[in-house]
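Chains as they are written, first to last, in my numbering: chain A, -17 to 136; chain B, 56 to 138. Beta carbons are placed, not taken as given, at the ideal position from N, Cα and C, and that holds for glycine.
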Amino acid sequence: MDSKNNLIDLLPYGPEFRFVDLIHSVSESEIVGEFTFRKSLSFYQHHFLQNPVTPGVILVECMAQIGLVCLGIYLTQQNTETRGNIALSNANIDFLHPVLLGEKVTVRAAKVYFRFGKLKCNVSMENETGLRVCAGTLEGVAIPNKTKIHTSKI
Amino acid sequence: MTTEQIYAKLLPIIQAYLPTDVDPDSVNPDKDLTNELNINSAHLVDVVLDVEDQFDIEFANEDMENLRTVNDAIEIIRKKTTS
């Protein structure tokens, strides 16, 4: 069984697009992980000019990498066909407060269901002061490993 | 429950997950859910979960594999609600 630490090693992202530093805990029903938005991340130079704020889409990506993909890898670890390949299929997120560069966030995701290859989670992100910065639901579908995501019909 | 009664309860569930470019009035029992009504695989799961709640039944993996058309759904529901 995969430990919480090597879940990150199984992620399919390159270093500039991996928004997970650490998984605190994972179970069949929920996962908790963290990420620090390093000042060196390239988008801060452009979003916004002279006013760096973490883009909302990147907050969604961070929650999806922890709440859907890491949890999805954990839940599909017995299935070599689909293991690790979760394609985002729906996001419904409220953005409550900005996340500035250098901030460390904690993402919690609770499984609503994982059936017929589809994972739905309630997700939330908190900053270091415990303030909830965004929350909502994310859904993804497990797809076969050999499928190239950009050519598959999900 | 008759086929007509099942279809009457099933139709609004399917219509809720149609893409915006598919006319809700175009649904009929012969339509293929994914190929003709363009319901994607993620929303097909939503349809099945809503059907489970509405009819108080449970779909197995093999039911999902046999589910292609609206008629397939009606047949699966009919079998499960009469057994």
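When rounded, the separation of the alpha-carbon atoms in ASN33(A) and SER106(A) is 25 Å.
Burial is judged here by how many other beta carbons sit within 10 angstroms of a residue's own beta carbon; GLN47(A) has at least 16 and is buried.
Burial state of SER22(A) is exposed, judged by a 10 Å Cβ sphere holding fewer than 16 other Cβ atoms.
Taking C-beta separations shorter than 6 Å and ignoring five residues to either side along the sequence, the partners of TYR72(B) in its chain run ILE94, HIS98, ASP101 and VAL102, following chain order. Distance between ASN74(A) and VAL87(A), taken at the CA atoms: about 19 Å. Residue-level contact by beta carbon holds for LEU104(B) and chain A, with a gap shorter than 8 Å. In this structure, ALA91(A) places its C-beta atom within 8 Å of the C-beta atom of LEU53(A). With fewer than 16 other Cβ atoms inside 10 Å of its own Cβ, PHE30(A) counts as exposed.
Assigned with DSSP and collapsed to three states, PHE96(A) falls in strand.
Here GLY99(A) is buried. Its C-beta has 16 or more other C-beta atoms within 10 Å. CA-CA distance, LYS(-14)(A) to SER7(A), rounds to 6 Å.
Per the Cβ contact rule, the stretch 103 to 122 of chain A is not in contact with the stretch 60 to 80 of chain B (fewer than 3 Cβ pairs under 8 Å).
At least one C-beta of chain B is nearer than 8 Å to the C-beta of PHE98(A). In terms of beta-carbon proximity, MET56(B) stays away from the interface with chain A, with every pair separated by 8 Å or more.
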